[in-house]
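Per the working numbering, the sequence shown runs over residues 2 to 262.
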Amino acid sequence: MRFHLGQNLAVFLLIAFFAAALNFFTPEIKGGVFNVFGPLQKTVWNTGSGLSDFFRAVLNRTELQKQNEDLAAENENLRAELVRMETLEKENNELRKAADMEANDTMKLMMAEVAGRGMSADIFFLDKGAKDGIRNGMAVISAEKILYGIISEVYSSYSAARLLSHPDSSVNARVYDTDISGAVRGEGNGKLLLDLVPREKELKADSLIVTRPLANDYPSGLIVGHNKTSEGSDVEPFQQASVVQSGAVEEHRFLFVITDF
2 MRFHLGQNLA VFLLIAFFAA ALNFFTPEIK GGVFNVFGPL QKTVWNTGSG LSDFFRAVLN
62 RTELQKQNED LAAENENLRA ELVRMETLEK ENNELRKAAD MEANDTMKLM MAEVAGRGMS
122 ADIFFLDKGA KDGIRNGMAV ISAEKILYGI ISEVYSSYSA ARLLSHPDSS VNARVYDTDI
182 SGAVRGEGNG KLLLDLVPRE KELKADSLIV TRPLANDYPS GLIVGHNKTS EGSDVEPFQQ
242 ASVVQSGAVE EHRFLFVITD F
């Protein structure tokens, strides 16, 4: 805009100068001067207009680019806020489920955030530790009462838990709504096996397996998973069946440690 005003002023002064000066010359001289300087004046004016349009286009493009950058930054902020709200909503849902569980049960729960996995695929970490009242042997469950693991190591502000699939894990269990009992033990790499089921018991595929502790280690009725078809020969006293765990730790940001029941 300043360039345009300066251009107009310069041309105006140039024309005024010619007009004033030519008053002292004859018509023939005036015509000659206009013939010489007229095209030059037109070229200067057109060039100035072109430059003005060029700089205006550059400024408009810069302004448009800045607006696009501002919109992109605003979109990123909105996405971040949406993720934060979704996380809070999920956390609140988990807390509500836990509150309902405590209201309808005798269990006391400590909510903990999953802090990662160990070198072994069958170990995971929680952000609660000894200072929060966590102890070895406590069960780790979801808000749906799915048993995921048992606390195996406790530090001041965090703890490690073995998944049920860990080779050193074993929990007493039964087929839901039956008297068929056995033990679920880990085989590593996410694999579970229902073992020590008496041969005379009819073990149907896809039965729900829940905990049935023989000691006061963890509550009864926690969900473990579903069994597949039984394995083993007819001459062996016990039958086995692989178990598909209900859910996975990776599906949860928060889990619950049973501190008392």
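Note that beta-carbon positions come from the ideal geometry of N, C-alpha and C, so glycine has one too. Remember, predicted model here, so these are calculated numbers, not experimental data.
- Relative to the Cα of R213, the nearest Cα in the group A206, I181, P238, K202 belongs to I181.
- Counting only residues of its own chain and dropping the five nearest sequence neighbours on each side, F126 has a CB closer than 8 Å to the CB of V115, A116, G117, R118, G119, Y159, S160, A161, A162.
- In this structure, the alpha-carbon of V258 lies about 20 Å from that of A122.
- Nearest Cα to D207 within the set D218, H227, D196: H227.
- For M120, DSSP records no beta bridge to any residue.
- Annotation: E237 to K132 spans about 48 Å, alpha carbon to alpha carbon.
- Shortest Cα-Cα distance from R136 to any of K192, E252, D218 involves D218.
- The stretch 178 to 206 is shown to contain whole beta strand (DSSP E) runs of 3 or more residues at 182 to 189, 192 to 199, in chain order.
- Judged by DSSP secondary structure, I151 falls within the beta strand (DSSP E) whose first and last residues are 148 to 155.
- Nearest in C-alpha terms to N173, of all of I147, L197, M108, Q240, is L197.
- Three or more beta-carbon pairs separated by less than 8 Å are not found between the stretch 150 to 158 and the stretch 176 to 191, which leaves the two stretches without contact.
- Rounded to the nearest whole angstrom, the C-alpha separation of M111 and K202 is 38 Å.
- Looking at the DSSP output, E114 shares a beta bridge with F255.
- DSSP lists A174 as the bridge partner or partners of T212.
- Taking 8 Å as the upper bound for CB-CB distance, S166 and E145 are not in contact here, some 18 Å apart.
- Sixteen is the threshold: when 16 or more other Cβ atoms of the shown chains lie within 10 Å of the Cβ of L223, as they do, the residue is buried.
- About 5 Å separates the beta carbon of I147 from that of S247, a gap short enough to meet the 8 Å contact definition.
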